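Okay, structure first, notes after.
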Amino acid sequence: MADFQLNCEGMNCPMPIVELTRASRAHSSGQTIEVTATDLAFRPDVEAWARRMGHTIESFEEEDGIQRAIIVLG
Numbered sequence: 208m209a210d211f212q213l214n215c216e217g218m219n220c221p222m223p224i225v226e227l228t229r230a231s232r233a234h235s236s237g238q239t240i241e242v243t244a245t246d247l248a249f250r251p252d253v254e255a256w257a258r259r260m261g262h263t264i265e266s267f268e269e270e271d272g273i274q275r276a277i278i279v280l281g
């Protein structure tokens with residue numbers, strides 16, 4: 208179970224990444240954030256964001272149009 212859950216379903220680019228950035232700043236290194244999103248650009252966006260910010264994507268899955276990423280903050 209993630210330390211924090213962030214629901215970005217229904218948000219369009221760039222809002223899921225904007226909200227994820229806000230959430231990451233409010234939490235500490237080593238904590239996990241579970242993000243759900245429906246934006247088609249979410250996967251490439253979150254992968255680029257994690258690389259740029261020094262975070263790790265622990266898992267990524269998609270089911271019924273809902274994408275779920277677990278991110279470990281660096």
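According to the working numbering, the stretch in the sequence shown is residues 208 to 281, in order. Beta carbons: idealized from backbone N, C-alpha and C, even for Gly. On a predicted model such as this, the values are computed, not experimentally measured, just so you know.
Item: Apart from the five residues on each side of it in sequence, which residues of its chain come closer than 7 Å, Cβ to Cβ, to residue 217?; Value: 245
Item: Consult DSSP for residue 268 and reduce its assignment to one of helix, strand or coil.; Value: strand
Item: Got a sec? Which residues, its chain only, sit under 7 Å from residue 254 by beta carbon, not counting five neighbours each side?; Value: 264
Item: Determine the burial state of residue 266: buried for a count of at least 16 other Cβ atoms within 10 Å of its Cβ, exposed for fewer.; Value: exposed
Item: Distance check for residue 223 and residue 229, CA to CA, integer angstroms please.; Value: 10 Å
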